[in-house]
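Have a look at the structure below, then the notes.
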Amino acid sequence: MTSEFPGRDDPRGALRFGVESTGGLFKRSLMTEQEAQNAVFVRSVKQKNHLELPISALSPTSSIQSSLSSASILLQGQRNLKFTSWSFPASASAELEKKSTITNLLLQLERQLLDDEDDELNVSDGSAVTNSEWSKTMQKLIFSQKLLSNSPTSSSSSSSSSSSASSRQMLLDTATAISAGNLDTAAANIALLKGAANKLGNPEQRLTAMMVTALALRINPRGPATIAVTSDIFTPEHLTSSQMLYEAAPCFKLALMTANLAIIEATKDHPKIHIIDFDVGQGLQLASLLHSLAERHRHISVKITAFCDPTFPFNSLVGNLNLVGDQLAKLAEGLGIGLRFSTMNRRTTELDRAALDCGTDEALVVNFAFLLSRIADESVSPANPRDELLRRVKALGPKVVTLVEQEMNGNTAPFATRFAEACAHYGALLESMEAIIVGRESNERARVEACLARKACNSVAWEGADRVERCEVYGKWKARLGMAGFKPVQLGPGVVETVKLWLASLGNNPGFLVKEEDGRVACGWMGRVINVASAWH
Numbered sequence: 001m002t003s004e005f006p007g008r009d010d011p012r013g014a015l016r017f018g019v020e021s022t023g024g025l026f027k028r029s030l031m032t033e034q035e036a037q038n039a040v041f042v043r044s045v046k047q048k049n050h051l052e053l054p055i056s057a058l059s060p061t062s063s064i065q066s067s068l069s070s071a072s073i074l075l076q077g078q079r080n081l082k083f084t085s086w087s088f089p090a091s092a093s094a095e096l097e098k099k100s101t102i103t104n105l106l107l108q109l110e111r112q113l114l115d116d117e118d119d120e121l122n123v124s125d126g127s128a129v130t131n132s133e134w135s136k137t138m139q140k141l142i143f144s145q146k147l148l149s150n151s152p153t154s155s156s157s158s159s160s161s162s163s164s165a166s167s168r169q170m171l172l173d174t175a176t177a178i179s180a181g182n183l184d185t186a187a188a189n190i191a192l193l194k195g196a197a198n199k200l201g202n203p204e205q206r207l208t209a210m211m212v213t214a215l216a217l218r219i220n221p222r223g224p225a226t227i228a229v230t231s232d233i234f235t236p237e238h239l240t241s242s243q244m245l246y247e248a249a250p251c252f253k254l255a256l257m258t259a260n261l262a263i264i265e266a267t268k269d270h271p272k273i274h275i276i277d278f279d280v281g282q283g284l285q286l287a288s289l290l291h292s293l294a295e296r297h298r299h300i301s302v303k304i305t306a307f308c309d310p311t312f313p314f315n316s317l318v319g320n321l322n323l324v325g326d327q328l329a330k331l332a333e334g335l336g337i338g339l340r341f342s343t344m345n346r347r348t349t350e351l352d353r354a355a356l357d358c359g360t361d362e363a364l365v366v367n368f369a370f371l372l373s374r375i376a377d378e379s380v381s382p383a384n385p386r387d388e389l390l391r392r393v394k395a396l397g398p399k400v401v402t403l404v405e406q407e408m409n410g411n412t413a414p415f416a417t418r419f420a421e422a423c424a425h426y427g428a429l430l431e432s433m434e435a436i437i438v439g440r441e442s443n444e445r446a447r448v449e450a451c452l453a454r455k456a457c458n459s460v461a462w463e464g465a466d467r468v469e470r471c472e473v474y475g476k477w478k479a480r481l482g483m484a485g486f487k488p489v490q491l492g493p494g495v496v497e498t499v500k501l502w503l504a505s506l507g508n509n510p511g512f513l514v515k516e517e518d519g520r521v522a523c524g525w526m527g528r529v530i531n532v533a534s535a536w537h
């Protein structure tokens with residue numbers, strides 16, 4: 001076959017440099033021949049205004065089986081809930097087809113570069129390819145080549161790292177494009193990123209699957225997936241999977257354990273404890289607290305008040321609180337603890353000691369576990385319900401207030417910054433879970449990561465009142481609680497040591513960190529703080 005590249009062997013035995021006549025090379029002067037060669041070279045690398053490269057989305061697949069322990073005995077009755085998951089269409093192409101696709105793209109590029117039959121027409125029409133368009137085309141081709149090694153079964157770790165870095169950077173670039181209003185560029189990037197996404201793959205591929213959903217929703221908030229993703233964050237499934245997350249993810253479990261230890265330390269000299277909890281959920285944290293109290297106190301009575309403000313969007317599931325209360329009561333009875341559980345449906349503005357039936361001999365405890373970040377502040381509502389709640393709680397005169405939150409600048413930051421924060425935060429969280437969970441395909445893990453995906457989507461895809469997930473960094477919480485009149489409680493060395501001992505029981509996992517500084521206990525992965533627990537009075 002005759003090559004289209006200048007200088008390739010001619011089947012007739014002569015070298016061809018764009019000269020069609022036989023023996024033409026030897027009938028022309030050396031200078032003339034050099035000029036002809038230069039002209040061919042210039043034409044061969046000329047940018048073509050009709051260059052269109054169809055870049056396909058290459059979707060890696062995986063078939064690894066796994067298992068994950070159940071979150072808690074309190075979750076057993078919830079296993080039959082319908083699982084709502086996020087997903088993308090999987091590519092049917094095999095690895096051979098992927099390589100063939102790239103080969104075809106390169107061959108098409110070669111033909112487009114060297115085919116100069118329409119050069120004169122293009123020039124006369126005044127059409128030309130801009131440097132920007134040329135660059136975008138080449139970037140898409142290069143990115144598609146990198147995605148070939150993105151399968152979980154790839155044998156090259158360096159190729160996998162390069163591909164992961166490429167997909168992470170493209171995620172960030174897409175968020176920047178959306179912020180700048182370049183929606184066509186963003187949509188093209190999203191189409192490519194879907195090929196790098198794999199909800200059963202490695203942590204980076206799972207993160208890509210989560211965040212590309214958020215980007216698509218940001219571009220098209222009225223798309224077909226909008227209703228499901230928006231409402232899913234208020235469903236029983238999300239509540240259940242959130243509790244499973246707190247049990248399965250070490251950083252969440254460590255932070256909740258720290259809060260419980262702070263409560264025990266603050267109330268160690270009190271036989272009567274009254275706990276006000278604004279988001280009991282399925283009672284996982286409270287069940288753990290009852291166990292710890294039973295180990296440290298022979299004779300103790302506990303009162304738990306589940307306070308539900310009907311204006312809070314996540315309080316639409318308060319109907320199951322009576323069931324949770326019954327389960328906690330049975331647990332307390334078995335532990336030898338006297339427990340009284342009650343619910344209160346009132347607005348925060350009606351919160352006072354009389355309404356809560358607080359006794360003068362009770363040590364009052366208020367628990368804010370992953371709650372304040374989901375309550376609107378002054379950036380959402382002039383009423384500022386977040387600060388209103390803090391002021392009302394301060395007026396109760398509690399012995400201790402525990403605060404547990406995800407460490408992420410996800411409230412008032414602009415979209416691109418918020419998106420980058422979410423990528424770093426949820427990326428580290430997925431990596432930390434990968435380190436202790438064997439396998440990738442269990443139903444429990446799928447539900448936990450679907451919960452994370454819903455949280456991530458809500459955090460970055462929506463604005464205004466629709467955005468419920470509004471995480472802050474500890475410095476902002478410290479300032480906000482300080483303005484409400486709270487002061488940090490220094491946690492004793494026993495708290496941190498106990499948490500570190502539990503972490504050590506997980507085995508050799510040097511990536512996890514637990515450190516105490518600035519009145520907080522930080523739990524994280526590979527230098528990135530994921531959750532923070534603190535105590536106040």
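So the sequence shown is numbered by UniProt numbering: it starts at 1 and just counts up by one. Beta carbons are placed, not taken as given, at the ideal position from N, Cα and C, and that holds for glycine. Please read all numbers here as calculations on a predicted model, not as lab measurements.
Bounds of the alpha helix (DSSP H) holding residue 502 are 493-504.
Under DSSP, residue 320 forms no beta bridge with any residue. DSSP places residue 381 outside both helix and strand once states are collapsed to three, so it counts as coil. For residue 260, the enclosing alpha helix (DSSP H) has its first and last residue at 250-266. Using a Cβ distance threshold of 8 Å, residue 265 and residue 519 do not count as a contacting pair. Here residue 484 carries a coil assignment [DSSP, helix/strand/coil].
DSSP places residue 423 within a helical segment (H, G or I) once states are collapsed to three. Assignment of beta-bridge partners to residue 516 by DSSP yields 521. When the Cα atoms are used, residue 357 and residue 351 turn out to be separated by approximately 11 Å. At least 8 Å separates the beta-carbon of residue 242 from that of residue 195. Taking all protein chains shown into account, residue 323 has fewer than 16 neighbouring C-beta atoms within 10 Å of its C-beta and is therefore exposed. Under the DSSP assignment, residue 403 falls in the beta strand (DSSP E) whose first and last residues are 400-406.
Following the DSSP letters along the chain, one finds residue 340 inside the beta strand (DSSP E) bounded by residues 338-345.
Per the DSSP secondary-structure output, residue 272 pairs in a beta bridge with 301. Closest in C-alpha terms to residue 438, from the list 171, 201 and 175, comes 201. Look at residue 437 here: in three-state DSSP terms it is coil, with no helix or strand label. The straight-line gap separating the alpha-carbon atoms of residue 482 and residue 187 is approximately 44 Å. In the three-state scheme derived from DSSP, where H, G and I count as helix and E and B as strand, residue 534 is classed as strand. By alpha-carbon distance to residue 302, the top candidate from 361, 385 and 238 is 361. Just so you know, the alpha carbons of residue 435 and residue 353 end up roughly 45 Å apart. Per the coordinates, the alpha-carbon of residue 394 lies some 44 Å from the alpha-carbon of residue 169.
Contact check for residue 477 against residue 371 fails: the beta carbons are separated by 8 Å or more.
Inter-segment contact for the region 416-432 and the region 371-386 is absent: fewer than three beta-carbon pairs are separated by less than 8 Å.
Spatial neighbours of residue 363 in its own chain (CB-CB distance under 6 Å, excluding positions within 5 residues in sequence) are listed in chain order as 267, 270, 273 and 399. Counting only runs that start and end inside the region 171-213, the alpha helix (DSSP H) elements of at least 4 residues fall at 183-196. Residue 330 counts as exposed, since fewer than 16 other C-beta atoms from the protein chains shown sit within 10 angstroms of its C-beta. In terms of Cβ geometry, residue 245 and residue 529 do not form a close pair [threshold 8 Å].
Residues 261 and 265 of the same chain have their beta carbon placed closer than 8 Å to that of residue 494, with the five preceding and five following residues left out of the count.
Residue 331 carries a helical assignment under DSSP once its states are collapsed to helix, strand and coil. Boundaries around residue 367 are those of the beta strand (DSSP E), 363-369, since no alpha helix (DSSP H) includes it. Between residue 405 and residue 212, the C-beta spacing is not below 8 Å.
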